[in-house]
Amino acid sequence: MSIFLKYILSIIIFFPLLSALILVFVNKKAEGLLRNLATVLSLAEFAISLFLFIYFKSNTYEFQFIERFSWIREFGASYFLGIDGVSLFMILLTTLMTFVSLLSSYKYIKDHVKEFVILMLVLETFMLGTFASLDVLLFYLFWEFMLIPMYFIIGMWGSGRRIYSAVKFVLYTLAGSLIMLFGLITIFILHYNQTGNFTFNLLKLYNTNIPLTLQIVLFIAIFLGFAVKVPVFPFHTWLPDAHTEAPTAGSVILAGVLLKFGVYGFFRFAIPLMPEAALILTPIILVLAVISIIYGALVSIVQKDLKRLVAFSSVSHMGFIMLGLFAMTAVSVDGSVLQMINHGISTGALFLFVGMLYERRHTRLIADFGGLAKKAPIFAALFMIAVLSSVGLPGLNGFVGEFLILVGSFKQYTIFTIFATSGIIFAAVYLLWMFQRVMFQDITNQKNEDFKDMTLREIMTVLPLIFLMFFIGLYPDVFLSRINPTVVHFVNIIEHNKYAYNLIKAKMGLFNA
Amino acid sequence: MNVNVNDYLAVASIIFCIGALGVLIRKNLITIFLSLELMFNAANLGFVAVSEYLNLMSGDIFVIFIMVVAAAEAAILLGIAIAFYREKGTINIDKANELRM
Amino acid sequence: MLDLAQIYNGYYLEKSLLSVMPEAVLIVFAFLILLAGLFNNPSKNSVNSYYLALIGVAFSFLYLFMLSDHTIKGFYGSIVFDKFDVFLFTAILLSGFLTILMSKNYFDTRSVLIPEYYSLVLFSVSAMMLLVSSINLIMIFLSIEFMSICAYILTGYLKGESRSTEAAMKYFVLGTFASAFLLFGSVFIYAATGHLSLYKIHNFIFEQNYNAHYAYNLHTFLAIGLILLLVGLAFKMSLFPFHAWTPDSYDGAPTPVTNLMATGIKIAAFGVFIRVFTSIYSFNVFNFYNILWILAILTMTFGNFAALLQTDLKRLIAYSSIAQAGYILIGVIAGGYYGISGTLFYLLAYVFMTAGAFAIIIMFENLNLASVNIKSYSGLGYKYPLAGAAFSFFLLSLAGIPVTAGFMGKFFVFSAAIKSGYYWLVVIALLNSAFAAYYYIKIIVKMYMSDNNNNGGQLNLSNGRNSIIINAVNTNKDSQSYADNGSGKTALTEAVSLKSAAPALIIAIIICLIFTLILGIFPQPVISFASRSVTSLWSI
Amino acid sequence: MNSKDLIVWLIPFFPLLGAILLGVFGKYLKNYSGYLGSVFIVISFILSTVIFFTVAYGHSFTSTLYSWIDASYFKVNVSTTVDRLSVIMLVMVTGISSLVHIYSIGYMKDDKGFARYFSYLNLFVFSMIMLIMANNFLLLYVFWEAVGFCSYILIGFWYEKKSASNAGKKAFIVNRIGDFGFALGVMLIFVNMGTLSYSSVFSGIHLLPPYLITTIALLLFAGAVGKSAQFPLHVWLPDAMEGPTPVSALIHAATMVTAGVYLIARCHIIFSYSPDASNVVLIIGGTTAFIAAFIAMTQFDIKRIIAYSTISQLGYMFMAVGIGSYAAGIFHLVSHAIFKGLLFLTAGSVMHGMSGELDLRKMGGLYSKMKKTAITFIVGGLALSGIPPFSGFFSKDAILASLFNKGDYFFWIIGELVAFMTAFYIFRLIFNVFFGESHADKNLHVHESPNVMTIPLIILACFAAVFGFIGMPPFDHSIFYNFINKDFANSFNFSPAVNNYPWYLLSTVSVIAGLSGIYAAYVFYIKKSFDLEMLKKRFKTVYALSFNKLYIDEIYDFAIVKPMKNFSVFLWRVVDSFVIDGAVNGIAQWISVTSSKVRKVQNGMLMSYIFTLSVGVIALLAYYFVR
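Residue numbers (our numbering), protein chains in the order written: chain P, 1132 to 1644; chain U, 70 to 170; chain H, 465 to 1004; chain E, 816 to 1442.
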């Protein structure tokens, strides 16, 4: 057991890859076996990841379950893993969402099942690695390769303009992350110039002293990489396309996990590495975040395609998360992290439901639906819960996160917060209007007459998410108590730097005019 | 008349440029090769002159090597030219435009 | 372990021989192959010469390994065998080895003279190695010419095929033209310094740098000399605007030869350039760095732009190799211990990914499945999942996606450049590699996601390049049709399965795959190897 | 957890249990779900009564269930406060809910969503109870939204009807607009006070600068405006009548819509410290009371008339709390809940008898056919009109007297005017529906409702008749005032509701206003002394304004909804697709065009290759010489 716990992160990261390897040897015609095996293995993975949760010490911000091996001596890169309260839940979210999306794709993915399940599991490994690595090079390795399985998933099993979307997704994010790579390398070199040691150890790089001007340049470079992933307002256009054309499982993973990487990157890398630049650029980023919130919401209102609507709603929701993170108060960052989990669950669930609609009717246009509640009451009820969770109805998960973000940001950034709060109105507008047109009213389209209600498997797919929606909504303390020490530490770092930043500001007369 | 090593190099350069222009302008494969030989020989001239001026041997040795190589190249060229002629019926280099873009 | 250097200690000529032992072995085997070709039954020729070539490479490796700890100067200081050589010899020999593995299957179906082919390959490999170990302008010129002459012949080796001949012709004229520049550059350097040995030139410039009385015309001579020398070397490295031969001769040459050119010649060219660079250019006389980084930017940008819309796979990889040359050049410009070892690492990584890609191309070519046109690759990913996956992996490596050797190489080179302060150069290179990803991904799209539904299931016999190109698989790309157990396949393609691909080819692919992966995930040993070998550059 | 706490937490527990059980197993419970749902609520009611007496004869107390959110310095518990205000609300809510549940068993009998209906209704009761019991602002906000959500699903209960689902959505969104303000208010409280619990906030609020208190008060009031359907956010309530009638009775008359008044009463300390905010409350209340009554006079849909009446009566309550007469406001809240619940339920009974007919032009002479309904309706109508001895008289009189006493004569006049209008429109309804000749379809079988529906009506009618006596004028000496005022006694600028005035004179004025309204309705609709059509023509503008609800919906549509939609389309089509994505694709396009040009360099001609090479050489040499 102790060995298991000592290497638990590696086990968690590479178990999916091992599973994928096992699946390679399964005959590709045995589709049922492939599906079941993949699902069971991903469930097992989720079960293993729960050990992290159980053995996680919640009263410290220190990294836990640390593993460290020398990797590339010449660069000072090491295989360095460790998690804190934030990455803990990101890992759990990843393992859960992978399981859910594998379970969701029994019907949706009809051909190339083998390739699909293998890619999903490979993707899982890389996502987990990204969340767990504390070595910048290792992080980048996981981070960028993640694109490839996702690219295949969109491109091979997508619909409509899948190739366009897949290529756009890859190039867009690749461009961002390459610019980010530039920033990361520069910090690495700076650290070398200051200490004479090559190291990619994130914890050591935190101590790099970067001149302010360079810091701003580098922050912008790294910002681009993460902002594309989030995505923040002007860099979001890959998202609707990718979401819309991706298969359900792809959308679920994309919304549930992939978008989190941007915010996680800011939290783990961009801000702690360059706190002063982050503080200086905060107003600009907050403006972008607020624009994202309102812009995403407004554009969602008029979408005709269900998935596109949910995709734009993601832009809006991620705006909230960015707002909370960059407000940099303990409460708002707590809210942000919680909202990352929430968004994964809620939007993931929404995509699952949209996927079920698509499986049944082979259309995603809102106008083609209507009156489904009558035919599928269970579907309607569960779908409604997911919608409400996304709307941010109190009692469900979305509310807690959003409220913490807003209340945390309110004091310092009152105006931004007020604008952001207006997002809760728009959220109600676009989601409820969508729900009304899809589920309520009379059946106008004859094809909806034989709409089937959810099967047991489908219920099982969404049930964990629905459960979590209520659980986080009603008892978020389980999550917050583990997130909070990490977040408080994070905010303390910022506060510490704020002091320095204020000194610089005073010295330079920055913003004084 | 006192001939400076610079003058030799100037002459060599002129010959070199003539050769280069020949390569650039002529279309006949053989003529082009002759121009290339001219360029090689310009180099030979330069080496010999400098070698003489500096009272060294290495330049002269180089020249001998160059002459050998040039001979080898001539053989290769003829082979290629014949193959080319077999296929196109001409040795006009403009006919070689199958590989492009 | 038998220590050759000990035995021959003290005997100058023997020591000279020792310094070229790996090359000499190859040359001996090249002659052996020729001889064996004379006496053997023509039908067995192909097999025997193939094995002889492999054994030759193996022996060369053996000698390389035995000598690897020594630094031996020979032939009156025109050749040196040092750690730097060890690394590059390894890369070059690997390139040759992989080329030979690929060749067997490729030439089995084509009527050409087999023994001569293999001996030429060995000759050219030995020429590349000689080039890398040359430290004298004469030797550099000679090895370049040796290498080039072999390459010209190999390029035109497909007798009766006009593209091959045309490629050889263009390559020859341009190559000789560039050699003339190299020569003429040598003249001026000789005139300015009075030396032909790189290290003497190095010392000369080093001393003159501090000498205010350095004559003006000598100054000019040196500048012209360096520029013309650079032109000659840049041609071999296929830097823009001296790249023009690359796409055409890569395209026209037999694919294994293309592989040899893309990997071996490139390594040799960069190897010698590093030697020249570290000894001469690194003084930054006349701000040579400016020229170099402008060339780097132009090269990678041109390569990527030209590759973007390319539909011929061989040409695409040719352009991509131009772009790669741009990236590699960044490492050289970054210079220093870190930059040069990055360059070396990149070169080795480049061997594996490029050779791997060519091996797959040859495989598909040989299976008569696909021409080298991208169109014919659609759907291949489903039909040959492993080959498709491997090909994707090589392409991703070329694109510089992590977990592959290509990423590590790029990372190494770029961080070296940042270390030396070339921020903008790196930014441009990164942007370049972002959009370069497009054309690599385009191929993957074709293999896995293509959805143009023309000529479904119909045989397309075209006499494109002596081989029958059957567009059978490129037909119905809708993934649907492959799912239901090959209802979309024709009987012909059904018959041709992966198993008929030569084992040698598969071995080559597997080697490339493993090394591309290892270099991407656990590059530590190779990086140490490269770093160790770089030290010898300055220690002579 | 002692027994008191246990009882307190059991009150919301049973409705919640009911909601879950009925929601999940409703399919199998069939008709029993109605009984089951009602039983849970009745238990809740009994427990509430127990708590009522505990508090009435004891002290108010708080009870904490668990720590809900604990994020750094933001801590919120799930806990309740049980004081006199909340127990009154509790008893009222659970009592009326019980009756409505029982009534619904009959009303919803044949509906296929029977179980679903009771599940929703139980969920609503749970949320409402929690709203009342909450002891911090966040919990209040949570259940504030939750009741809104229940209202949303209940309004849209018959979701097949587009109008119903539209109305539900509209209710939710308009409420959200109010909640937007409310949420900001809660945040403002937190960032300034560092806590959200009532006791700490109320005890520390006076330390804040006045402008902040006013802002907080106004933001909270924004929430109240949304939830209590005050002008300008009243537009959702008339549409909400698309829901089943018992729902209208319970949610949109008796309980949820009064939450706004409850909120202000609960936060009376904040409002006491902010005269400006209180004035805003007063003005909004007065405006709403008048506007709604004005609109109600010309409507034909009986439920809509009652809905507007509700809005108008809520306006009264806001006027009361606006001048600080919280006791009077709460008193009217309770009595209004009773008689308005009664009116809605009887309207439902009428609908039930008329097979869903709502247009009063198609009714008439129903008195003889459904006597119980008619009588109870008239009792409700009289209570609404403020005719003694019905409860409405006492409660409305308390408000009007407070207004007069405070010196707000203008609003007193408005109040009296509205009293007249109220009596007019409700008797217009009564006369048109129950008296005169029948305009109903001849084939329609009009029948009295079953006992399960009429008995709750009778119970409510009895209460409507007698409840008022606990607030006998003079109000400040009444039982109710003395009971509730313990909670409001600490209010800073508390204005005693009534003080040394000739209360009987004021009462007389009110009664006269009510009676004259009834008489006017009698003259118009029974005696038909005037030609209505002619009057309509003469006062065309006024009539049109009233009939078209002051065009408020249209104005909103024109000024807000349409521009927003157009703007969204603009953002999507122009900004997103054209500008941003256009830029992205433009770059791609540019690269590809450039690429196609760059490729031409490689034109296959050896000569041009040599030329490029030579140019390269010359350029390099030029670099050196030009440098």
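For glycine and all other residues, C-beta sits at the position ideal for the given N, C-alpha and C.
Through-space distance from residue j to residue i, alpha-carbon basis
| i | j | result |
| --- | --- | --- |
| G1479 (chain P) | A1461 (chain P) | 27 Å |
| A405 (chain H) | L1315 (chain P) | Beyond the ends of chain H as shown, which are 465 and 1004, falls residue 405 (chain H); an answer cannot be given. |
| V823 (chain E) | S863 (chain E) | 8 Å |
| Y1323 (chain P) | I738 (chain H) | 25 Å |
| L905 (chain E) | F860 (chain E) | 8 Å |
| I968 (chain E) | H1620 (chain P) | 43 Å |
| F1159 (chain E) | Y1282 (chain P) | 59 Å |
| T1070 (chain E) | V908 (chain E) | 6 Å |
| V1416 (chain E) | V1408 (chain E) | 14 Å |
| Q1346 (chain P) | G1396 (chain P) | 16 Å |
Buried or exposed by the 16-neighbour rule on C-beta atoms within 10 Å, applied to residue i
| i | result |
| --- | --- |
| Y1026 (chain E) | exposed |
| K1211 (chain E) | buried |
| R1439 (chain P) | buried |
| N768 (chain H) | buried |
| P1317 (chain E) | exposed |
| M126 (chain U) | exposed |
| L1437 (chain P) | buried |
| T1323 (chain E) | exposed |
9 Å Cβ cutoff, residue i in contact with chain U
| i | result |
| --- | --- |
| F1385 (chain E) | no |
| L1436 (chain E) | no |
| I1425 (chain E) | yes |
| N1381 (chain E) | no |
| K1415 (chain E) | yes |
| G1431 (chain E) | no |
CB contact check: residue i to chain H, cutoff 9 Å
| i | result |
| --- | --- |
| A140 (chain U) | no |
| S1290 (chain P) | no |
| L1140 (chain P) | no |
| Y1395 (chain P) | no |
| H1243 (chain P) | yes |
Neighbour flag for residue i against chain P, beta carbons, 9 Å
| i | result |
| --- | --- |
| Y886 (chain H) | no |
| I988 (chain E) | yes |
| K883 (chain H) | yes |
Touching by the beta-carbon criterion (3+ pairs, under 8 Å), the stretch 979 to 996 of chain H and the stretch 811 to 823 of chain H: Flag = yes, the stretch 979 to 996 of chain H and the stretch 811 to 823 of chain H touch.
My parser needs the alpha helix (DSSP H) runs of 4 or more residues fully inside the stretch 1207 to 1244 of chain P; what are they? The stretch 1207 to 1244 of chain P contains, as complete alpha helix (DSSP H) runs of 4+ residues, the segments 1216 to 1239 (chain order).
If we count Cβ pairs, one from each stretch, closer than 8 Å, do we get three or more for the stretch 1014 to 1030 of chain E versus the stretch 982 to 992 of chain E? As far as the Cβ criterion goes, the stretch 1014 to 1030 of chain E does not touch the stretch 982 to 992 of chain E, which means the pair count is below three.
Length-filtered (4 minimum) alpha helix (DSSP H) runs lying within the stretch 953 to 1013 of chain E: Secondary structure within the stretch 953 to 1013 of chain E: the alpha helix (DSSP H) runs of 4 or more consecutive residues, fully enclosed, are 977 to 1008 (chain order).
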